[in-house]
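Written out below as structure tokens is the structure these notes cover.
2 protein chains.
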Amino acid sequence: MESMTPPTFSISAVERETGLSKDVLRKWETRYGFPAPLRDGLGERAYPLQQVDRLRLIKRLMDAGFRPSRLVAESEDGLNALAQASQSKVQRGGQIDVENLTLDKLQLQDPNGLRQLLYREMLRLGIEHFVLDTLNQLNIAVGDAWARGELSVHQEHLYTEAVQWLLRDVVAGLSVSHGAPRVLLTTLPDEQHSLGLLMLAALLSLRGAYCISLGTQTPAQEIIEAAHAYQIDIVALSFSNAYPQRRIIPALAELRQQLASSKSIWAGGAGCARLHASPEGTYLSPEMEQGMALLAAWQAAH
Amino acid sequence: MESMTPPTFSISAVERETGLSKDVLRKWETRYGFPAPLRDGLGERAYPLQQVDRLRLIKRLMDAGFRPSRLVAESEDGLNALAQASQSKVQRGGQIDVENLTLDKLQLQDPNGLRQLLYREMLRLGIEHFVLDTLNQLNIAVGDAWARGELSVHQEHLYTEAVQWLLRDVVAGLSVSHGAPRVLLTTLPDEQHSLGLLMLAALLSLRGAYCISLGTQTPAQEIIEAAHAYQIDIVALSFSNAYPQRRIIPALAELRQQLASSKSIWAGGAGCARLHASPEGTYLSPEMEQGMALLAAWQAAH
DNA sequence: CAATCTATTTGTCATGGACAAATAAATGGA
DNA sequence: TCCATTTATTTGTCCATGACAAATAGATTG
Numbered sequence: 094m095e096s097m098t099p100p101t102f103s104i105s106a107v108e109r110e111t112g113l114s115k116d117v118l119r120k121w122e123t124r125y126g127f128p129a130p131l132r133d134g135l136g137e138r139a140y141p142l143q144q145v146d147r148l149r150l151i152k153r154l155m156d157a158g159f160r161p162s163r164l165v166a167e168s169e170d171g172l173n174a175l176a177q178a179s180q181s182k183v184q185r186g187g188q189i190d191v192e193n194l195t196l197d198k199l200q201l202q203d204p205n206g207l208r209q210l211l212y213r214e215m216l217r218l219g220i221e222h223f224v225l226d227t228l229n230q231l232n233i234a235v236g237d238a239w240a241r242g243e244l245s246v247h248q249e250h251l252y253t254e255a256v257q258w259l260l261r262d263v264v265a266g267l268s269v270s271h272g273a274p275r276v277l278l279t280t281l282p283d284e285q286h287s288l289g290l291l292m293l294a295a296l297l298s299l300r301g302a303y304c305i306s307l308g309t310q311t312p313a314q315e316i317i318e319a320a321h322a323y324q325i326d327i328v329a330l331s332f333s334n335a336y337p338q339r340r341i342i343p344a345l346a347e348l349r350q351q352l353a354s355s356k357s358i359w360a361g362g363a364g365c366a367r368l369h370a371s372p373e374g375t376y377l378s379p380e381m382e383q384g385m386a387l388l389a390a391w392q393a394a395h
Numbered sequence: 094m095e096s097m098t099p100p101t102f103s104i105s106a107v108e109r110e111t112g113l114s115k116d117v118l119r120k121w122e123t124r125y126g127f128p129a130p131l132r133d134g135l136g137e138r139a140y141p142l143q144q145v146d147r148l149r150l151i152k153r154l155m156d157a158g159f160r161p162s163r164l165v166a167e168s169e170d171g172l173n174a175l176a177q178a179s180q181s182k183v184q185r186g187g188q189i190d191v192e193n194l195t196l197d198k199l200q201l202q203d204p205n206g207l208r209q210l211l212y213r214e215m216l217r218l219g220i221e222h223f224v225l226d227t228l229n230q231l232n233i234a235v236g237d238a239w240a241r242g243e244l245s246v247h248q249e250h251l252y253t254e255a256v257q258w259l260l261r262d263v264v265a266g267l268s269v270s271h272g273a274p275r276v277l278l279t280t281l282p283d284e285q286h287s288l289g290l291l292m293l294a295a296l297l298s299l300r301g302a303y304c305i306s307l308g309t310q311t312p313a314q315e316i317i318e319a320a321h322a323y324q325i326d327i328v329a330l331s332f333s334n335a336y337p338q339r340r341i342i343p344a345l346a347e348l349r350q351q352l353a354s355s356k357s358i359w360a361g362g363a364g365c366a367r368l369h370a371s372p373e374g375t376y377l378s379p380e381m382e383q384g385m386a387l388l389a390a391w392q393a394a395h
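Taken in order, these protein sequences are the chains called A and B. Take the position in the first sequence, starting the count at 1, then add 93; the result is the number in my numbering. Take the position in the second sequence, starting the count at 1, then add 93; the result is the number in my numbering.
Right, here's the structure in full:
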């Protein structure tokens, strides 16, 4: 038992853990000299935990807008400093008094407490206010804390689960089979974040829309088919920051081309925030409020 | 408008749509001569829709146990015949009278009806019976129908969503903060199916356990950390058929090695069904019932 | 100071070869 | 004949290197 082998990761394990493709991992190695994995007996890359952690941090900062060459060159302290600095600037609306408490609860490892807290807050504020303000800001707060490394992945998972639990309950309670418009909610493959979708579903349901959620990662072909089958008026897609920006527009264009022109396409989520224009007949609404405005417009027009 | 370009897919699009890695797609091309994508102006592979569909079908059948060389050689009709034949043999317990009705509902594009139907059935049978029998068999029925190509992806998504909606509600209602054992439920990266997890959570909660769900795709490191932080007694992981068998044992072994030996590790889901032995101190329970037995054993021992 | 043009950065794709792990096929007793 | 063990084949993943377009930053000019 003298020689415990320290844990290392294969290239595909690192791809999974960091979200950086194998190609990218290899290219960085030759271009920047980092990562610099060890090699196992077979000559295959073996990434030490430390490097994987660093890669994770770099990926976070890239999602926040930094470029790799900059980050890879940075020292450990430099990276951490950047992470500290990369706070979301968005601070609209009044402070939510529950925010700190909730982050505390998360850090206190109290999943049930968190759920109850959110539920009570929702009852107090009403769904619309709760979703538009509290959840919105909480998401940002959690995202920031995570980017700064103050929250571990499992804590973030826990938060996501708690909110999902809550919102699904709400949406299920609000559903009526004859609402209008009929909205199909989902994400494209490679996009796993569904919180935004659920929040939108809650808000739209509140205003009388009929929401059908397909969960995450529905192939484009299937979206088309489902939109037809369920006689959908509006297809709502969500893109998180992690979704490669450059793929959004083409994806929307492709959908637009194949979908009956009577059906609208909405794209929401933080991933859309930095986009300026979208293909003809598709609508960007990085903020929830804009989604509500789009709904109002649709309902007025019909 | 004479020449509409027929839609083609890039290699990464095909990877997303089919779940076959780029490496595999390229290798099959040289080894078996299929797929045989066109090339665009840049010399890059451009897969016609027809080939993508065929790849999807092949992937389905591979998940059902067939080997690629066999499938790739097969004719179109041959593949369809195989898909027809690959029914799950499991038909234990009495027929559930609701099954056909539910599949009908799915095919009738009636998401709300489905949810209500499931809910009513749950009330009628009681949660335990409903989960162990109805849902279990429904899952198999849906999985089979999907493998046979009778169900499209969006319909399967819809089913999954409906069940999730239902079960989350149930689990939330059952949660008590002082139950024992304390169970952490999640899946490893690359495993996105969480239905089994939710079903287990419902059953365990019913029997007094305290369940903490982290959703899907929690990195191994994070599971360790969370197990410690939440003072977990049992870590329950779920593996679907789609999860590469060969990675299950090593993954369990790695977890076992890093996790305090006082904490149990359970592995469930259809992906475990074909495994015979598991690492020391970890337990396989491809069937829900076995999970219940494990729980009973744990509770008896404490 | 805004807009346009050049240079660099960056991700993805391609090719072709190697190898271990998984699976099937063949072999040799009981 | 059937089970267990050994040999072959299949199969996924990895490696190295090179090419190129799209995205971004930096320079230049009106």
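All C-beta atoms, glycine included, are put in the ideal place defined by N, C-alpha and C.
Roughly how many angstroms lie between the CA atoms of E382(B) and A265(A), to the nearest whole one?
On the second sequence, position 289 is the one that residue 382(B) refers to. On the first sequence, position 172 is the one that residue 265(A) refers to. E382(B) and A265(A) have their C-alpha atoms spaced approximately 29 Å apart.
Contact residues within the segment 244-269 of chain B, judged by C-beta distance below 9 Å to chain A
S245, V246, H247, Q248, H250, L251, T253, E254, Q257, W258, L259, R261, D262, V264, A265, S268, V269
Which residues in chain B sit within 7 Å of I305(A), going by Cβ to Cβ distance?
The count along the first sequence starts at 1 and reaches residue 305(A) at position 212. Residues of chain B passing the Cβ test: P204.
Of the listed residues L218(B), I104(B), A360(B), nearest to R132(B) (C-alpha basis)
Reading the second sequence from its first residue, position 39 is the one you call residue 132(B). When only C-alpha atoms are compared, the closest one is I104(B).
Comparing C-alpha positions only, which one of F332(A), Q202(A), Q350(A), Q324(A) sits nearest to S287(A)?
Working through the first sequence from its first residue, we reach residue 287(A) at position 194. Nearest of F332(A), Q202(A), Q350(A), Q324(A) to S287(A), Cα basis: F332(A).
What residues in its chain sit with their C-beta under 6 Å from that of I151(A), if we drop five residues either side in the sequence?
For the purposes of this step, residue 151(A) is identified with residue 58 of the first sequence, where counting begins at 1. Closer than 6 Å at Cβ, skipping near neighbours: L164.
The beta strand (DSSP E) with G112(A) in it runs from where to where?
As a working mapping, residue 112(A) is identified with position 19 in the first sequence. Premise fails: G112(A) is in no beta strand (DSSP E) and is neither H nor E.
So A322(B) contacts chain A; which residues on that side make the cut at Cβ distance below 9 Å?
One-based indexing of the second sequence puts residue 322(B) at position 229. Within chain A, the residues near A322(B) are Q202, S245, H247, Q248.
Please list, in chain order, the chain B residues whose beta carbon lies closer than 7 Å to that of E315(A).
Here residue 315(A) refers to the residue found at position 222 of the first sequence. In chain order: S245, V246, H247.
Considering Cα atoms alone, identify which of D237(B), P130(B), G136(B), V328(B) is closest to Q144(B).
For this step, residue 144(B) is matched to residue 51 along the second sequence. Among D237(B), P130(B), G136(B), V328(B), the Cα nearest to that of Q144(B) belongs to P130(B).
Host alpha helix (DSSP H) of P161(A) (start-end):
By 1-based counting over the first sequence, the position of residue 161(A) is 68. Residues 161-166.
If you drop the 5 nearest sequence neighbours on each side, which residues of the same chain put their C-beta closer than 7 Å to that of M94(B)?
The residue given as residue 94(B) occupies position 1 in the second sequence. Because M94(B) carries a pLDDT of 46, less than 50, the predicted location of this residue cannot be relied on, and the following value inherits that uncertainty. Excluding residues within five positions, none has a Cβ falling inside 7 Å.
Only counting the same chain, and skipping five residues up and downstream in sequence, which positions put a Cβ closer than 7 Å to that of P312(A)?
To locate residue 312(A), count along the first sequence from 1; it is residue 219. A distance below 7 Å between beta-carbons, with the five flanking residues on each side excluded, links P312(A) to the following residues of its chain, in chain order: P282.
Starting from the beta carbon of D283(A), find every residue of chain B whose beta carbon is closer than 8 Å, and list them in chain order.
The residue you call residue 283(A) lines up with position 190 of the first sequence. Within chain B, the residues near D283(A) are R109.
Between V246(B) and E318(A), what straight-line distance do the alpha-carbon atoms span, to the nearest angstrom?
The residue given as residue 246(B) occupies position 153 in the second sequence. The residue given as residue 318(A) occupies position 225 in the first sequence. Answer to the nearest angstrom: the Cα atoms are 10 Å apart.
What residues in the segment 226-237 of chain A have a beta carbon less than 8 Å from any beta carbon of chain B?
none
With respect to the beta strand (DSSP E) encompassing A273(B), which residues constitute its N-terminal and C-terminal limits?
Translated into the one-based positions of the second sequence, residue 273(B) becomes position 180. Looking at the DSSP string, A273(B) is not in any beta strand (DSSP E), and its letter there is neither H nor E.
So, helix, strand or coil for A174(B), using DSSP?
For the purposes of this step, residue 174(B) is taken as residue 81 along the second sequence, with counting starting at 1. If DSSP states are grouped into helix, strand and coil, A174(B) belongs with the helices.
Any contact between the segment 325-341 of chain A and the segment 266-285 of chain A? By contact I mean 3 or more CB pairs, one from each, below 8 Å.
Because the criterion of three Cβ pairs below 8 Å is met, the segment 325-341 of chain A and the segment 266-285 of chain A touch.
Helix or strand or just coil, what does DSSP make of Y376(B)?
Here residue 376(B) refers to the residue found at position 283 of the second sequence. Y376(B) falls in the strand class under three-state DSSP.
Can you give me the start and stop residues for the alpha helix (DSSP H) that S357(B) sits inside?
Indexing the second sequence from 1 puts residue 357(B) at position 264. Run containing S357(B): none in the alpha helix (DSSP H); it sits in the beta strand (DSSP E), 357-361.
Taking the alpha helix (DSSP H) that R138(A) falls in, what are its first and last residues?
Along the first sequence, read from residue 1 onward, the residue named residue 138(A) stands at position 45. Here R138(A) belongs to no alpha helix (DSSP H); instead the beta strand (DSSP E) covers 138-141.
Where does T111(A) land, buried or exposed, given buried means 16+ other C-beta within 10 angstroms?
Position 18 of the first sequence, counted from the first residue, corresponds to residue 111(A). Flag for T111(A) reads buried.
In or out: K120(A) buried (at least 16 other Cβ within 10 Å) or exposed?
Position 27 of the first sequence, counted from the first residue, corresponds to residue 120(A). Exposed, by the Cβ-count rule.
Beta strand (DSSP E) containing Q325(A): first to last residue?
Counting from one through the first sequence, the residue named residue 325(A) turns up at place 232. Per the sequence shown, residue 325(A) should be read as Ile rather than Gln. Neither: I325(A) is in no beta strand (DSSP E) and is coded neither H nor E.
Would G308(B) pass as an interface residue toward chain A - the criterion being a Cβ-Cβ separation below 8 Å?
Against the second sequence, residue 308(B) aligns to sequence position 215. Yes, its Cβ sits closer than 8 Å to a Cβ of chain A.
Can you tell me which of the three DSSP states L281(B) falls into?
Within the second sequence, residue 281(B) is the residue found at index 188, counting from 1. Of the three classes helix, strand and coil, the one that applies to L281(B) here is coil, per DSSP.
Where R185(A) falls: helix, strand or coil (DSSP):
Looking up residue 185(A) in the first sequence gives position 92. Its pLDDT being 47, under 50, R185(A) is placed unreliably by the model, and nothing is read from it.
Hey, would you say L196(B) sits closer than 8 Å to A234(B), going by beta carbons?
Your numbering for residue 196(B) matches position 103 in the second sequence. Your numbering for residue 234(B) matches position 141 in the second sequence. The answer is yes: Cβ separation under 8 Å.
With a Cβ-Cβ cutoff of 8 Å, do L299(B) and E373(B) count as a contact?
The residue given as residue 299(B) occupies position 206 in the second sequence. The residue given as residue 373(B) occupies position 280 in the second sequence. In this structure, E373(B) does not lie closer than 8 Å to L299(B) by Cβ.
With a 10 Å radius around its C-beta and 16 neighbouring C-beta atoms as the bar for buried, classify V269(A) as buried or exposed.
If you number the first sequence from 1, residue 269(A) lands on position 176. Flag for V269(A) reads exposed.
A335(A) versus chain B: which residues are under 7 Å apart at the beta carbon?
Locating residue 335(A) in the first sequence gives position 242, counting from the first residue. Here the premise fails: no neighbours, minimum Cβ distance about 13 Å.
Let me know if S168(A) comes out buried or exposed under the rule of 16 or more other beta-carbons within 10 Å of its beta-carbon.
Within the first sequence, numbered from 1, the residue matching residue 168(A) stands at position 75. S168(A) should be labelled exposed.
Could you give the distance in angstroms between the alpha-carbon of Q314(A) and the alpha-carbon of V107(B)?
As a first step, residue 314(A) must be located in the first sequence, where it is residue number 221. As a first step, residue 107(B) must be located in the second sequence, where it is residue number 14. Rounded to whole angstroms, Q314(A) to V107(B) spans 12 Å at the Cα level.
Beta-carbon contacts of L207(A) that lie in its chain and below 8 Å, excluding the five residues immediately before and after
As a position in the first sequence, residue 207(A) is number 114, starting the count at 1. Cβ neighbours of L207(A) beyond the five flanking positions: T195, K198, L199, L251, Y252, A255.
I think I316(A) touches L348(A), with their Cβ atoms under 8 Å apart; what is that distance to the nearest whole Å?
For the purposes of this step, residue 316(A) is taken as residue 223 along the first sequence, with counting starting at 1. For the purposes of this step, residue 348(A) is taken as residue 255 along the first sequence, with counting starting at 1. Indeed, because the Cβ distance is near 7 Å, the residues count as touching under 8 Å.
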